[in-house]
Every structure is written in C-alpha cells, then in structure tokens.
Ligand code: BGC
Ligand code: CA
C-alpha cells in the first residue's frame with residue numbers, strides 16, 4: 003500500500019513537471035473561424051487543431067457569421083494574453099478594427115481564407131495572409147467546362163452555338179466568390195466559346211440554399227440551362243440534389259456541374275458521375291501553413307524564417323513574406339483518385 007502510494011506520488015510529480023514544461027513552452031494562440039457550419043472551413047479547422055497538438059495551446063472560437071462577435075472574441079484573446087492570432091474573418095472589409103486591436107498589443111495576426119484588401123494588410127507589419135489565389139480556381143473551373151463543351155457537341159441543347167449557364171455565387175463579401183465568378187467565365191470565353199448567362203445569384207456557399215435556387219431556376223428556365231457553375235462544392239452538391247429531383251442523371255438526362263474545393267463528398271459525387279469537375283482548394287496545406295506561421299510568430303520567430311520553408315511545400319511567399327499562397331489543382335474523373 004505504502005509503495006503504491008509513493009509510486010502514485012512519484013507519478014503525479016512526474017506528470018505535473020511534464021505538464022509544467024508543456025505550459026512553459028507551448029504558446030497560447032487564439033483562432034477564429036467565420037462560422038463552424040462551413041464544410042470547407044471544418045477541414046481547415048481540423049488541420050489546425052491536429053497540427054497544434056503538443057506544440058501550442060489553442061482557443062478556437064466559432065464567430066457564427068457575426069463580425070461584432072468576432073471582434074469581441076479577439077478582445078478576449080488579447081485579455082487572455084494570446085501570443086498570436088489566426089483569424090478567418092467574417093467580413094474581410096472590417097479588418098482595420100482587428101488590426102488596430104492586435105497592433106496595440108503588438109500581437110501578430112495571421113488572417114486566412116477570407117482575404118482582406120492589400121491596402122489594409124499594409125497597415126500592420128505583423129499582419130499576414132494564408133490562402134489561395136481565387137482567380138486560379140475560377141480559371142480552372144472554366145477550363146474544365148470549356149474542355150467538356152468542345153468534346154461534347156450534344157451539350158449545346160438548343161444548337162445555337164452559345165453556352166447557356168447559371169452561376170451559384172458564394173458569400174459576395176468574399177473575394178473567392180467574386181473572382182471565381184469572373185474568371186470561370188473568362189476562361190470559357192478565352193477558349194472561344196460564346197456564353198449567355200441565364201441567371202446568377204448568391205447561395206452563400208451553402209448547400210441547402212443552392213438546392214433551393216437551382217430548383218427555382220429549373221422551373222424558370224426549363225430545358226434551357228446547359229451548364230451549372232458553382233463557386234464551391236457545397237453549392238454544386240445542392241444543385242445536383244435539385245437536378246436529381248427534376249429527373250436528371252438518369253435516362254440519358256445529364257447536366258454538367260462544376261465546383262471548387264474537392265471536399266470528400268464532392269469527390270464521391272465525381273466518382274458517381276454527378277459532378278463534372280472541381281478544383282482542389284487545399285484545406286490541409288492551408289491549415290498547416292496557417293498554424294505553422296501563427297506558431298512561429300507566437301514564439302517570436304520572424305515570419306521570413308517560417309514562411310520560406312513553408313513555401314517549399316505550400317506556395318510561394320511574396321517578397322515581403324506577408325502572404326502564403328497555396329496552389330489550386332484541377333480535379334476531374336481522370337485524376338480524382340489521387341485526392342480521395
Ligand atoms: C471555399 C468555400 C468556403 C469559403 C469560406 C472558400 O475558399 O471554397 O467552400 O465556404 O472559403 O470562406
Ligand atoms: Ca446553347
């Protein structure tokens with residue numbers, strides 16, 4: 003009994019010394035996600051949480067699509083003495099407020115996925131951005147469609163030589179949405195294809211909202227829609243639900259639908275022949291880059307020493323080392339297996 007007790011005491015001592023050591027070396031980092039209820043962001047968040055294990059103490063907050071709430075969360079982080087912040091903004095145009103708060107306490111700020119204006123980024127030397135060039139993803143989506151259109155003359159349902167399309171737009175305050183909308187169509191026209199927009203509207207990156215929109219369009223433009231563009235996979239999958247309900251994807255009735263993200267459910271839809279193509283928005287690399295950058299900054303290391311090695315794996319930092327760009331990859335039935 004006595005022996006067990008002393009072993010226990012020894013164990014407790016060892017454990018508390020261990021915990022003490024972690025607490026001493028592991029910096030506290032505050033993380034906000036614009037809303038937890040976003041498929042793509044949930045993969046980014048998981049990566050950040052996994053990467054932080056044994057290295058940093060994270061506080062991860064759901065900003066619930068509410069910028070004032072996020073501002074309060076950042077205030078709280080600063081009160082709690084977080085050594086760096088990793089923030090996925092609700093409204094990127096409101097970044098000045100967060101920059102003001104972080105700068106006052108000289109705490110580094112890593113923004114990710116929802117890109118603020120360059121002019122705002124320039125206001126704080128310790129503001130960084132990790133993301134992907136949305137133009138690239140738009141171009142890739144457009145190329146997938148152009149390629150399909152050229153190989154499948156029957157896709158031109160009314161035989162007028164013009165591609166009639168609908169566009170499901172993400173959150174309009176997000177540059178990803180803006181650029182994907184613009185550059186996907188640019189790539190189609192650059193391939194020499196004439197287009198006509200039948201309808202476009204925001205479905206806020208959201209699957210049920212996109213399903214609703216698509217169902218309404220299928221009624222309003224019955225038989226006229228030839229291609230569906232979606233700014234992300236969740237909305238593409240919503241559109242596919244509406245198409246299935248309207249009798250598509252059987253008895254030879256098909257509709258080309260493209261998205262962005264290459265989420266696991268989207269890759270399943272691709273495999274099953276519902277989704278024509280998508281673009282890998284690399285949640286893993288973005289999450290990893292975000293964490294590694296926030297972690298190094300929290301330890302007081304200069305960003306240049308961490309961004310550069312990251313760039314080898316992830317993307318190229320800009321000359322000033324404030325941006326880490328993670329590349330997109332085109333995904334179709336020819337290569338999707340590599341991403342599953
Ligand atoms: C993703 C969307 C996601 C959004 C969140 C985009 O990069 O493609 O799926 O909803 O980020 O900000
Ligand atoms: Ca046509």
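Residue numbers (the numbering used here): 3 to 342. No residue lacks a Cβ here, since even glycine has one placed at the ideal position from N, Cα and C.
(1) If you reduce the DSSP assignment to three classes, tell me which class residue 274 lands in.
(2) Name the two residues that bound the continuous alpha helix (DSSP H) containing residue 300.
(3) Could you compute how far the alpha carbon of residue 46 sits from the alpha carbon of residue 286?
(4) Consult DSSP for residue 219 and reduce its assignment to one of helix, strand or coil.
(5) In chain order, what are the residue ranges of uninterrupted beta strand (DSSP E) at least 3 long that sit wholly in the segment 148-193?
(6) At what residues does the beta strand (DSSP E) containing residue 114 begin and finish?
(7) Could you tell me whether the Cβ atoms of residue 116 and residue 91 are closer together than 7 Å?
(8) Can you give me the Cβ contacts of residue 123 inside the same chain, cut-off strictly under 7 Å, excluding the 5 residues immediately before and after it?
(9) The alpha helix (DSSP H) that contains residue 102, what's its start and end?
(10) When the Cβ atoms of the segment 227-241 are set against those of the segment 257-275, are three or more pairs found closer than 8 Å?
(11) Return yes when the C-beta of residue 197 is under 6 Å from any heavy atom of ligand 2, and no when it is not.
(12) Out of 112, 79, 340 and 228, which one is the CA nearest neighbour of residue 89?
(13) Please confirm whether residue 233 and residue 179 have their CB atoms less than 7 Å apart.
(14) Report the rounded CA-to-CA distance for residue 148 versus residue 332, giving the unit in angstroms.
(15) By Cβ distance below 7 Å, which residues in the same chain neighbour residue 49 in space, the five residues on each side in sequence not counted?
(16) What are the boundary residues of the alpha helix (DSSP H) that includes residue 46?
(17) Specify, as a first and last residue, the run of the beta strand (DSSP E) that residue 132 falls within.
(18) Taking DSSP as the reference, what is the three-state secondary structure of residue 138?
(19) Using a Cβ-Cβ distance cut-off of 7 Å, determine whether residue 298 contacts chain D.
(20) How long is the line joining the alpha carbons of residue 159 and residue 257, rounded to whole angstroms?
(21) Please state whether the Cβ-Cβ distance between residue 195 and residue 165 is less than 7 Å.
(22) CB-CB under 7 Å to residue 65, same chain, minus the five flanking residues each way: which ones, in chain order?
(23) Is residue 262 near ligand 1, going by C-beta to nearest heavy atom under 6 Å?
(24) Is residue 212 helix, strand or coil by DSSP?
(25) Between residue 203 and residue 39, what straight-line distance do the alpha-carbon atoms span, to the nearest angstrom?
(26) Does DSSP put residue 88 in a helix, in a strand, or in coil?
(27) Output needed for residue 24: all residues of its chain with C-beta closer than 7 Å, excluding positions within five of it in sequence on either side, in chain order.
(28) Between residue 219 and residue 281, what straight-line distance do the alpha-carbon atoms span, to the nearest angstrom?
(29) Determine which residues share a DSSP beta bridge with residue 281 and list them.
(30) Measure the alpha-carbon distance for residue 212 versus residue 27 and round it to whole angstroms.
The short version:
(1) DSSP places residue 274 in coil when its eight states are reduced to three.
(2) First-last of the alpha helix (DSSP H) with residue 300: 285-300.
(3) Using only the alpha carbons, I get a separation of about 6 Å.
(4) Reduced to three states, the DSSP call for residue 219 is helix.
(5) For the segment 148-193, whole beta strand (DSSP E) runs of length 3 or above, ordered along the chain, are 164-171.
(6) Its beta strand (DSSP E) spans residues 111-114.
(7) Their beta carbons are under 7 Å apart, which means residue 116 touches residue 91 by this criterion.
(8) For residue 123, where only same-chain residues beyond five positions count, the Cβ hits under 7 Å are 129, 131 and 324.
(9) Start and end: 97-106.
(10) Three or more Cβ pairs closer than 8 Å define a contact, and the segment 227-241 meets that threshold against the segment 257-275.
(11) Flag unset: Cβ of residue 197 not near ligand 2.
(12) Looking at the Cα atoms, 112 is the closest of the given residues.
(13) Note that the C-beta distance between residue 233 and residue 179 is below 7 Å.
(14) Approximately 13 Å, taken between the alpha carbons.
(15) Excluding positions up to five away in sequence, the list reads 285, 286, 289 and 290.
(16) First-last of the alpha helix (DSSP H) with residue 46: 41-54.
(17) Under the DSSP assignment, residue 132 falls in the beta strand (DSSP E) whose first and last residues are 129-133.
(18) In the three-state scheme derived from DSSP, where H, G and I count as helix and E and B as strand, residue 138 is classed as helix.
(19) Considering every chain present, this structure includes no chain D. It has just one protein chain.
(20) Going from the Cα of residue 159 to the Cα of residue 257 covers about 10 Å.
(21) Taking 7 Å as the Cβ cut-off, residue 195 and residue 165 qualify as a contacting pair.
(22) Here the set comprises 34, 35, 36, 37, 71, 72, 75 and 92.
(23) Within the cutoff, so yes.
(24) Helix at residue 212.
(25) The straight-line gap from Cα to Cα measures roughly 21 Å.
(26) Here residue 88 carries a strand assignment [DSSP, helix/strand/coil].
(27) The predicted position of residue 24 is uncertain, since its pLDDT is 46 and thus under 50; a value taken from the coordinates is nonetheless stated next. Here the set comprises nothing.
(28) The alpha-carbon separation between residue 219 and residue 281 amounts to approximately 24 Å.
(29) In the DSSP output, where bridge partners are listed per residue, residue 281 has 332.
(30) For residue 212 and residue 27, the gap between their C-alpha atoms comes out near 46 Å.
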